[in-house]
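First comes the structure, then the notes that go with it.
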Amino acid sequence: MSVLIEGGTIREVADRPIKADDVLRIDVAGKTLMPGLIDLHIHSYFSDLNAKVVDSRDAPYRTAHAVKKLGHALDCGFTTVRDIGGGDFSLASAIADGLIRGPRFFYAGKVLSMTGGHVD
Numbered sequence: 001m002s003v004l005i006e007g008g009t010i011r012e013v014a015d016r017p018i019k020a021d022d023v024l025r026i027d028v029a030g031k032t033l034m035p036g037l038i039d040l041h042i043h044s045y046f047s048d049l050n051a052k053v054v055d056s057r058d059a060p061y062r063t064a065h066a067v068k069k070l071g072h073a074l075d076c077g078f079t080t081v082r083d084i085g086g087g088d089f090s091l092a093s094a095i096a097d098g099l100i101r102g103p104r105f106f107y108a109g110k111v112l113s114m115t116g117g118h119v120d
């Protein structure tokens, strides 16, 4: 199979060689080519399973953890993630502006739950 990518977008997939000028050709014979993975449930700032430990850490520590976690997600093939209950505009902006290596990032804002509920 042949795949033509222009500007980060798949333009054509064919069972024959694609005619295109001035392109970089990469032979991936024997390997698997697949689109990026999507993870719709992550917590970028969550550095511990114990919420009290997470709450006791300051914003720079949580941000450093998010930088490491999002870079790792990208290295593992995740090109899109959705952070539920933690991600914020600042983290999304830093990724979009190229300050942090990470996948395309969507955040859902703070978690709402009843008193005595999830992580309360």
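According to the UniProt record's numbering, the sequence shown holds residues 1 to 120 in order. The beta-carbon is built from N, C-alpha and C at its ideal position, and this holds for glycine as well. Model, not experiment: these values are computed from the prediction.
(message) Please report the straight-line C-alpha distance between L4 and G77, rounded to a whole angstrom.
(response) In a straight line, the C-alpha of L4 is about 19 Å away from that of G77.
(message) Nearest by alpha-carbon distance to V81: which of N50, H41 and T9 is it?
(response) When only C-alpha atoms are compared, the closest one is H41.
(message) Can you find the residues in the same chain that come closer than 6 Å, C-beta to C-beta, to P17, ignoring five residues on each side of it along the sequence?
(response) Excluding sequence neighbours, P17 sits near S2.
(message) Please give me, in chain order, every unbroken run of the beta strand (DSSP E) with length at least 3 that falls completely inside the segment 81-107.
(response) Runs found: 104-107.
(message) Rounded to the nearest angstrom, what separates H43 and A29 at their Cα positions?
(response) Taking the straight line from one Cα to the other gives about 36 Å.
(request) Return helix, strand or coil for L49, following the three-state DSSP convention. (result) If DSSP states are grouped into helix, strand and coil, L49 belongs with coil.
(request) Report yes if the CB atom of A73 is closer than 8 Å to the CB atom of G102, and no otherwise. (result) Yes, these two residues count as a Cβ contact at 8 Å.
(message) For a test of the three-state rule: what should DSSP assign to T115, helix, strand or coil?
(response) DSSP places T115 in coil when its eight states are reduced to three.
(message) Using CA atoms only, rank isn't needed, just tell me which of L33, I95 and D22 is closest to I10.
(response) Nearest of L33, I95 and D22 to I10, Cα basis: L33.
(request) Compare the beta carbon distance of D88 and Y61 with 8 Å and say whether it is the shorter of the two. (result) Result no, Cβ atoms of D88 and Y61 do not sit closer than 8 Å.
(request) Going by DSSP, name the residue or residues bridged to A14. (result) Partner(s): S2.
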